[in-house]
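**Student:**
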Amino acid sequence: MTDTFIAARLREFAGPTIFSEMTGLAQRAGALNLGQGFPDSDGPPELLEAARSAIARGMNQYPPATGLPALRSAIAERRADDHGVSYDPDTEVVVTAGATEAIAAALIGLCDPDDEVVVFDPLYDSYSACLAMAQVRRSPVLLEYDGTRFTFDPDALRRAVGPRTKVLLLNTPHNPTGKVFDQEELEFVARLCVEHDLIAVTDEVYEYLVYDGLRHVPLAALPGMRERVLSVSSAGKTFSATGWKVGWACGPARLVSAVRTVKQYLTFGTGTPLQAAVAVALTDCMPWVDGLRESLEHRRDLLVAGLRAGGITTYPSQGTYFVQMDARSFGSEDGQALCRMLVAETGVAAIPSVALYDNKAAGRHLVRLAFCKNEELLAAAARRLADAASQG
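Position 237 of the sequence shown, counted from 1, bears residue number 237 in our numbering, the numbering being contiguous throughout.
Given below as structure tokens:
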């Protein structure tokens, strides 16, 4: 008998995630935490008051398995107004326990064992675990820095598609690189999906947190793609309520049905009063989101300016909460070792990007920093990191 009862396909995920590990180290050291991506302030007051009101009105029992009708309608209206893609809220929208459940349910519900899923590398850590739970193989395509931005080799993406490929999993805006896939890249992805009859699952949780005058374009909005794309998003990042875990998936009924089939046996339903509040926020609080985006862009610039003034190389971030810096600025080739040193010796916590890479060599020197924190904390962290780099 083996010394573990964890299924073989999940053993590599048995320990704490890199986010839990670094947050734990930060808490024990009293460090400034630029590791885990959660803001240090609450979302719009209207959102919080709507949740309190829903609780007081008795909305504390199970919601429908597909989500509250008011929330599904608000999601559909938001997608139509902001992205020009229309969905039937009754059959083409399902509410989930965050985007993580939506992605897991999609992979489990759409794929058979030994199917293949194309992913862009680096990939958010839950993707690998979800793929393992679905018993499918990942086919990674590296996002490489070309001197100005992170991008992919179209030939490498084409080679990644094989006879068993069922799904292409796309994250844009992308964590951890901060990349926003542009129109040309999306059009190439769309052509490949059509050519090989692939389903695309798109993780768009940072859809409203895009900077420098750029615009998020959903893959589903491209001609001919609506019927083969499952679009996933969440209230957590949009409204600075990451602990609420209210997400959703939109797409043609045949794809949403696969998510719903799995989801009803995972969580069934979640957070009834929170769902009611998110419906209010999607309807009434988008001007607040515009202010959040402007604030995050300013905070990104503040952190980057402080790091660069200290001689630290950073990489462009077009969206999300994150910017990456180069461990080699500290005289180290090993971002993971550097992160442990930084939290212990400088009191700044970060995430080694290599933990999110399939190609470990490509991400070994990168470190991810979260700038969704207050300005004072970011300025202090930049000073500490600059001091450490000067001694490296």
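Virtual Cβ for every residue (Gly too), placed ideally from N, Cα, C.
Under the three-state reduction of DSSP, which class applies to Y315: helix, strand or coil?
**Tutor:** Taking the first residue of the sequence shown as position 1, residue 315 is located at position 315. In the structure shown, Y315 sits in a strand (DSSP, three-state: E or B).
**Student:** Quick one: Cα of N60 to Cα of Q275, how far?
**Tutor:** Your numbering for residue 60 matches position 60 in the sequence shown. Your numbering for residue 275 matches position 275 in the sequence shown. If you take the alpha carbons of N60 and Q275, they lie about 11 Å apart.
**Student:** Does the Cβ of E376 have 16 or more other Cβ atoms within 10 Å, making it buried, or fewer, making it exposed?
**Tutor:** Counting from 1 along the sequence shown, the entry for residue 376 is found at position 376. The residue in question, E376, is exposed, as its Cβ has fewer than 16 Cβ neighbours within 10 Å.
**Student:** List the endpoints of the continuous beta strand (DSSP E) containing E116.
**Tutor:** Walking along the sequence shown from the start, residue 116 turns up at place 116. Segment E116 to D121, the beta strand (DSSP E) holding E116.
**Student:** Exposed or buried, which one is A134 when buried takes at least 16 other CB atoms within 10 Å?
**Tutor:** Numbered from 1 along the sequence shown, position 134 holds the residue referred to as residue 134. Flag for A134 reads buried.
**Student:** Report the residue ranges of all alpha helix (DSSP H) runs contained in full by the stretch 206-269; include only those spanning at least 4 residues, in chain order.
**Tutor:** For the stretch 206-269, whole alpha helix (DSSP H) runs of length 4 or above, ordered along the chain, are 235-238 and 253-266.
**Student:** Among A381, A388 and S390, which one has its Cα closest to the Cα of G30?
**Tutor:** Position 30 of the sequence shown, counted from the start, is the residue given in the question as residue 30. The shortest C-alpha separation from G30 is found at A381.
**Student:** When you compare only the Cα positions, how much space is there between V93 and H298?
**Tutor:** Here residue 93 corresponds to residue number 93 of the sequence shown, with the count starting at 1. Here residue 298 corresponds to residue number 298 of the sequence shown, with the count starting at 1. Cα to Cα, V93 sits roughly 34 Å from H298.
**Student:** Do the CB positions of I351 and V201 come within less than 9 Å of each other?
**Tutor:** As a working note, residue 351 is residue 351 in the sequence shown. As a working note, residue 201 is residue 201 in the sequence shown. No. Outside cutoff.
**Student:** Between which two residues does the alpha helix (DSSP H) harbouring I108 extend?
**Tutor:** As a working mapping, residue 108 is identified with position 108 in the sequence shown. G98 to L110 is the extent of the alpha helix (DSSP H) around I108.
**Student:** Going by beta-carbon coordinates alone, are A50 and A281 separated by less than 9 Å?
**Tutor:** Counting from 1 along the sequence shown, the entry for residue 50 is found at position 50. Counting from 1 along the sequence shown, the entry for residue 281 is found at position 281. Against a cut-off of 9 Å, the Cβ pair of A281 and A50 comes out as a contact.
**Student:** Got a sec? Which residues, its chain only, sit under 6 Å from M1 by beta carbon, not counting five neighbours each side?
**Tutor:** Counting from 1 along the sequence shown, the entry for residue 1 is found at position 1. Low per-residue confidence applies at M1: pLDDT is 47, beneath 50, and the placement is therefore not dependable, though the value from the model is reported in the following sentence. Closer than 6 Å at Cβ, skipping near neighbours: no residue.
**Student:** What does the alpha-carbon distance come out to for the pair F330 and V367?
**Tutor:** Within the sequence shown, the letter at position 330 stands for residue 330. Within the sequence shown, the letter at position 367 stands for residue 367. F330 and V367: Cα-Cα distance of roughly 11 Å.
**Student:** Among residues of its own chain, excluding the 5 on either side of Q264, which ones have a beta-carbon nearer than 7 Å to its beta-carbon?
**Tutor:** Counting from one through the sequence shown, the residue named residue 264 turns up at place 264. Cβ within range, chain order: A65.
**Student:** Flag this pair as touching only if the stretch 29-45 and the stretch 342-359 have three or more C-beta atom pairs under 8 Å; answer yes or no.
**Tutor:** Yes, the stretch 29-45 touches the stretch 342-359.
**Student:** Does the stretch 353-370 come into contact with the stretch 314-328, if we say contact requires no fewer than three beta-carbon pairs (one atom in each stretch) closer than 8 Å?
**Tutor:** The stretch 353-370 is in contact with the stretch 314-328.
**Student:** Please classify V360 as buried or exposed, where buried requires at least 16 neighbouring CB atoms within 10 angstroms.
**Tutor:** Counted from its first residue, the sequence shown places residue 360 at position 360. Note that residue 360 is Lys in the sequence shown here, rather than Val. Flag for K360 reads exposed.
**Student:** So what's Q324 in DSSP terms, helix, strand or just coil?
**Tutor:** As a first step, residue 324 is located in the sequence shown; it is residue number 324 there, counting from the start. Reduced to three states, the DSSP call for Q324 is strand.
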